[in-house]
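Notes follow the structure.
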Amino acid sequence: MSYILLTGGAGYIGSHTALELLNAGFKVLSFDNFSNSSDAALKRVEQLSGEPVVSIKGDIRDEAALRQLFSDYNISAVVHFAGLKAVGESTQIPLHYYDNNVAGTVTLCRIMRESGVKKLVFSSSATVYGDAKQVPIPETSPRSATNPYGQSKLMIEHILEDLVQAEPDWGITLLRYFNPVGAHDSGRIGEDPNGIPNNLMPFISQVAVGKREKLSVFGADYPTHDGTGVRDYIHVVDLARGHVKALQYLQQHNGIEAINLGTGTGYSVLDMVNAFSRVNNIAVPYQIAPRRPGDIATCYAEPGKAEKLLGWQAEKTLDDMVRDSWRWQSANPNGYKS
Ligand code: NAD
Ligand code: UDP
């Protein structure tokens, strides 16, 4: 039986997807340089599933290592998570972001092509919609980018579109994630950010566990129901299942499709803080701070295309998201080092 290759498989979304793929009967091979993760996540995936995960350390920019990988294993499709994702950092070290994300993807596709593997699920992002004029955001909404991270995702989308245009026997799905949060309900795998979290949910969790004093709410003067920014938070296990559906879809289809993975519902920063406190019965001290440069007021998905093409829709609730985030954080206060 063949493997599904997960680049960046040890990361937050990769490890949850590995588990859902194993549960669905796929064989999983991870290729990760561990620049933002550790092998511990995949060890826990093995414990949870009772199935092996082949974990190879390597970098997607390393053509020789990729060539070896594709020759050593029978790979039928690739889910491409590997990438750097910190927006602020991307403005400081743009060349590193373009090299890692864009050049890395080109190298990966070149070796896939050479090996005759032409099924690819790519981790794109709602960031490619820039400051969308209308919500909910359909896949046909115009694309733009305001920082090197977003630009790298947009460039990769264009590169993959050009590839399919030139070689129609590829099957590629661009999954545009909205805001992934939460953790597996075992509390054994979850998000383990390095240093100070950039994202809202890990920051809330670290305040609740006492690692940080209080949350700064970036802006309370947006044109939203309570003045704080609104996003489409999606449970990472729902997101992971979307990848299983995308792979099943690609078994039957060639061509390229961009598909939103979101719930279609927007919650504000204060909605998230209040849900976290209510469900977990724990205080989350916060202060109102200035807007964060580059942030937009409101962003949520039109999720209908995923349902129509993949038969997928988010099932988990806001309460599931905050409960599972807290279960992971409280059981693993220092992430995988706990
Ligand atoms: P993550 O950092 O936890 O996982 C990415 C993994 O890729 C890490 O394990 C890292 O070590 C690995 N990696 C990075 N560069 C690599 C390289 N050159 N070679 C091999 N491995 C490499 O991040 P995540 O949250 O799991 O995100 C996965 C993907 O989804 C990323 O491409 C990210 O841009 C995209 N995405 C994430 C979010 C989010 O909010 N988490 C939203 C939209 C899109
Ligand atoms: N946010 C916040 N404080 C934080 C981190 C985030 O108020 O410490 C807000 C941010 O301004 C946005 C929302 O939470 O409105 C989601 O931010 P995140 O960085 O998680 O995701 P983004 O949608 O920006 O990619």
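Using our numbering, you'd call the opening residue of the sequence shown number 5 and step up by one each time.
Just so you know, even glycine gets a beta-carbon here, dropped at the ideal spot from N, CA and C.
Keep in mind the model is a prediction, meaning the values are calculated, not measured.
Buried/exposed call for residue i, threshold 16 Cβ in 10 Å
i    : result
T232 : buried
G54  : exposed
L99  : exposed
R114 : exposed
D236 : buried
T144 : exposed
A68  : exposed
M205 : buried
S6   : exposed
G12  : buried
E118 : exposed
C-alpha gap between residue i and residue j, whole angstroms
i    : j    : result
L112 : A250 : 19 angstroms
K341 : I260 : 39 angstroms
A14  : S42  : 6 angstroms
M116 : I176 : 12 angstroms
S156 : W316 : 27 angstroms
M325 : L52  : 20 angstroms
V240 : A187 : 6 angstroms
R282 : Q138 : 31 angstroms
L254 : K123 : 7 angstroms
E311 : G120 : 30 angstroms
T95  : T131 : 15 angstroms
A279 : L322 : 7 angstroms
V82  : N203 : 27 angstroms
S75  : Y290 : 52 angstroms
L46  : G214 : 27 angstroms
S190 : A335 : 10 angstroms
K61  : F35  : 6 angstroms
K309 : V32  : 27 angstroms
G246 : S272 : 24 angstroms
E171 : L164 : 10 angstroms
Supposed close pair residue i, residue j - CB separation, criterion 8 angstroms
i    : j    : result
L23  : V49  : 5 angstroms
I17  : F85  : 6 angstroms
S209 : S329 : 5 angstroms
A90  : F182 : Wrong, their Cβ atoms sit about 18 angstroms apart, outside the cutoff.
T150 : G134 : 6 angstroms
F222 : R296 : 4 angstroms
L167 : I79  : 18 angstroms between Cβ atoms; not a contact.
beta-carbon residue i near the ligand NAP non-hydrogen atom, thresh 7 angstroms
i   : result
R65 : Ligands present in the displayed structure are limited to the ligand NAD and the ligand UDP, and the ligand NAP is not among them.
key: Check your reading: residues with Cβ closer than 6 angstroms to the ligand UDP heavy atoms   = N183, N202, N203, L204, F207, L219, S220, V221, F222, G233, R235, V273, R296, D299
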